[in-house]
Amino acid sequence: MGTYTITVLPGDGIGPEVTEQAVRVLQRVASRYGHTFNTTQALVGVSAIEAEGDAILFGAVGGSPRYEGPDAKIQPERALFRLRKDLELFANLRPVRPLKALLNASTIKPEVLQGTDLVVVRELTGGIYFGKPSEIRETAHGYDAIDTLIYTEAEIERILRTAFELSLGRRKKVTSVDKANVLSSSRLWRRTADRVAADFPDVAFDHLLVDACAMHLIRRPASFDVIVTENMFGDILTDEASMLAGSMGMLPSASLGTRRTNHGVFGLYEPIHGSAPDIAGQDKANPIAAILTVAMMLRLSLGLKREADAVERAVEVVIDAGYRTEDLREAGKEVVGTREMGRLIVEAI
Ligand code: NAD
Numbered sequence: 014m015g016t017y018t019i020t021v022l023p024g025d026g027i028g029p030e031v032t033e034q035a036v037r038v039l040q041r042v043a044s045r046y047g048h049t050f051n052t053t054q055a056l057v058g059v060s061a062i063e064a065e066g067d068a069i070l071f072g073a074v075g076g077s078p079r080y081e082g083p084d085a086k087i088q089p090e091r092a093l094f095r096l097r098k099d100l101e102l103f104a105n106l107r108p109v110r111p112l113k114a115l116l117n118a119s120t121i122k123p124e125v126l127q128g129t130d131l132v133v134v135r136e137l138t139g140g141i142y143f144g145k146p147s148e149i150r151e152t153a154h155g156y157d158a159i160d161t162l163i164y165t166e167a168e169i170e171r172i173l174r175t176a177f178e179l180s181l182g183r184r185k186k187v188t189s190v191d192k193a194n195v196l197s198s199s200r201l202w203r204r205t206a207d208r209v210a211a212d213f214p215d216v217a218f219d220h221l222l223v224d225a226c227a228m229h230l231i232r233r234p235a236s237f238d239v240i241v242t243e244n245m246f247g248d249i250l251t252d253e254a255s256m257l258a259g260s261m262g263m264l265p266s267a268s269l270g271t272r273r274t275n276h277g278v279f280g281l282y283e284p285i286h287g288s289a290p291d292i293a294g295q296d297k298a299n300p301i302a303a304i305l306t307v308a309m310m311l312r313l314s315l316g317l318k319r320e321a322d323a324v325e326r327a328v329e330v331v332i333d334a335g336y337r338t339e340d341l342r343e344a345g346k347e348v349v350g351t352r353e354m355g356r357l358i359v360e361a362i
């Protein structure tokens, strides 16, 4: 029995809807296992950055037309980027393990998916999303625009080490993904990866160009164990990888740094999906990604492995029983809303 402090940041769009179900799951774990989870809700921003405690549970941000488009000066996504940067959460872990009962829900053939159990380790606080300058500029000949892709060797080394260490508790295989045939930053990435790999002689290691990786992810997904890559490649590849699990609404993520808590490593936990404005407020969003982030948080930040297993098992039980949200609609299965899916999972814990 323990006491843990968690900051909850529901955000925009479907963020509050799926986070509400995730918090219900957490409360159920509390009563079932006798823990106390002190949760504080906050708006994304300074209050989040100053948050003490064990972990942050995050929904999603963005999705308002007012803040999108080429002329938008304020972008809600920046709040999330700052949060990751200021808390130095440089390692984003995105596990992809399609549930057996959902193999048919994917657009990929079940025999290709069989045995898939991979994790993408995405570098989160460097690269083109943070490099300066980044702007649209007026010139004598019209507009031009610039983004800057920059990585230091130290940034590359720490994310590579995270990936190798993670692989030791798994199938001991690391694939480093870059674009070394074109980009200088990728050539430094590859050189550093080779150097780090030499410290892990028991781990099978290979390099893959990002374009080839995009192809192999849907051709032979089961052959991957740990994939490690830079910020933007990881962003794009994991949306693709989410289709292996049937829906974006199934994939959780954990963002970790070096800050420790009394129970584990401090982390920010969020589904990989965004605010989904097309379905917001309609009780249609799949809350499973948000609920599985609770499982990752229990395991990694709170040191509660048994409880994490219970949440993951409950999700599997409900899916096995034939319940689906709209995004996983399948003939012969019962489609339920966000709240009902949350309730079923709570009941199964
Ligand atoms: P999105 O992830 O919000 O949605 C993509 C598609 O997947 C939509 O059709 C949506 O309905 C569906 N989807 C996503 N999550 C779902 C769920 N839980 N259940 C069922 N269906 C789900 O991406 P988008 O539409 O490109 O972006 C919408 C907004 O979200 C943008 O403002 C974007 O910048 C922002 N965004 C935020 C984050 C974040 O907060 N971490 C991540 C990605 C996008």
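The sequence shown begins at 14 in my numbering and counts up one residue at a time.
A virtual CB, placed ideally from N, CA and C, is assigned to each residue, including glycine.
Computed from a predicted model, the values in this text were never measured in an experiment.
Short of 8 Å in beta carbon distance, which residues of its chain neighbour residue 59, apart from the five on each side in sequence? Order them along the chain. In the sequence shown, counting from the first residue as 1, residue 59 sits at position 46. Since pLDDT at residue 59 reaches only 47, below the 50 mark, its modelled position is unreliable, and no value is offered.
By the DSSP assignment, the alpha helix (DSSP H) with residue 2 in it spans what residues? Since the first residue shown for the chain is 14 and the last is 362, residue 2 is missing from the structure and cannot be characterised.
Of the listed residues 272, 240 and 214, nearest to residue 226 (C-alpha basis): Translated into the one-based positions of the sequence shown, residue 226 becomes position 213. For residue 226, the nearest C-alpha among the options comes from 240.
In DSSP terms, what residue 66 is bridged to: Walking along the sequence shown from the start, residue 66 turns up at place 53. Beta-bridge pairing links residue 66 to no other residue.
What I want to know is whether the C-beta of residue 67 ends up closer than 7 Å to one or more non-hydrogen atoms of the ligand NAD. On the sequence shown, position 54 is the one that residue 67 refers to. Residue 67 Cβ: outside cutoff for every heavy atom of the ligand NAD.
Just grab the DSSP bridge partners of residue 193 for me. Working through the sequence shown from its first residue, we reach residue 193 at position 180. Paired residue(s): none; residue 193 is not in a bridge.
Counting C-beta neighbours from all protein chains within 10 Å, is the total for residue 342 16 or more, i.e. buried, or is it exposed? As a working mapping, residue 342 is identified with position 329 in the sequence shown. Exposed.
State the Cα-Cα distance for the pair residue 136 and residue 295, rounded to the nearest angstrom. As a position in the sequence shown, residue 136 is number 123, starting the count at 1. As a position in the sequence shown, residue 295 is number 282, starting the count at 1. Taking the straight line joining both Cα atoms gives about 34 Å.
C-beta atoms of residue 233 and residue 34 nearer than 8 Å: Numbered from 1 along the sequence shown, position 220 holds the residue referred to as residue 233. Numbered from 1 along the sequence shown, position 21 holds the residue referred to as residue 34. Cβ distance not < 8 Å, so residue 233 and residue 34 don't count as in contact.
Does the distance from the CB of residue 96 to the CB of residue 281 come in under 8 Å? Working through the sequence shown from its first residue, we reach residue 96 at position 83. Working through the sequence shown from its first residue, we reach residue 281 at position 268. Yes; because the gap between Cβ atoms is below 8 Å, this pair is in contact.
Any heavy atom of the ligand NAD inside 7 Å of the beta-carbon of residue 32? Against the sequence shown, residue 32 aligns to sequence position 19. No, since every heavy atom of the ligand NAD falls outside the 7 Å radius drawn around the Cβ of residue 32.
Cβ of residue 73 within 7 Å of any heavy atom in the ligand NAD? Mapped onto the sequence shown, residue 73 falls at position 60. Indeed, a heavy atom of the ligand NAD lies less than 7 Å from the Cβ.
Any idea what DSSP makes of residue 186, helix, strand or coil? Stepping through the sequence shown from its first residue, residue 186 is reached at position 173. In the structure shown, residue 186 sits in a strand (DSSP, three-state: E or B).
Can you give, in chain order, each stretch of the beta strand (DSSP E) that sits fully within the segment 111–196 and has at least 3 residues? Entirely contained in the segment 111–196, the beta strand (DSSP E) runs reaching 3 residues are, in chain order, 131–136, 144–152, 155–161 and 186–191.
Drop a sphere of 10 angstroms on the beta-carbon of residue 142, count the other beta-carbons inside from all chains shown, and report buried for 16 or more, exposed for fewer. Mapped onto the sequence shown, residue 142 falls at position 129. With 16 or more other Cβ atoms within 10 Å, it is buried.
Check the C-beta distance from residue 324 over to residue 308 and give it rounded, since I have them as a contact under 8 Å. Taking the sequence shown and counting its residues from 1, one reaches residue 324 at position 311. Taking the sequence shown and counting its residues from 1, one reaches residue 308 at position 295. Confirmed, about 4 Å.
Cutting at 8 Å between CB atoms, please list the residues of its own chain near residue 140, excluding the five before and the five after it. Taking the first residue of the sequence shown as position 1, residue 140 is located at position 127. Taken in chain order, the residues that qualify are 162, 163, 164, 198, 243, 244 and 245.
Enumerate in chain order the residues of its own chain whose CB-to-CB distance from residue 259 is below 7 Å, with the five nearest sequence positions on each side excluded. Along the sequence shown, one-based indexing puts residue 259 at 246. So the list reads 111, 115, 118, 119 and 341, once near-sequence residues are dropped.
Confirm the yes/no value for this check: CB of residue 24, any heavy atom of the ligand NAD, distance under 7 Å. In the sequence shown, residue 24 corresponds to position 11, counting from 1. Yes; taking the cut-off as 7 Å, the Cβ of residue 24 has a heavy atom of the ligand NAD nearer than that.
Along the chain, which unbroken stretches of the alpha helix (DSSP H) at least 4 residues long are found entirely within the segment 285–330? 301–313
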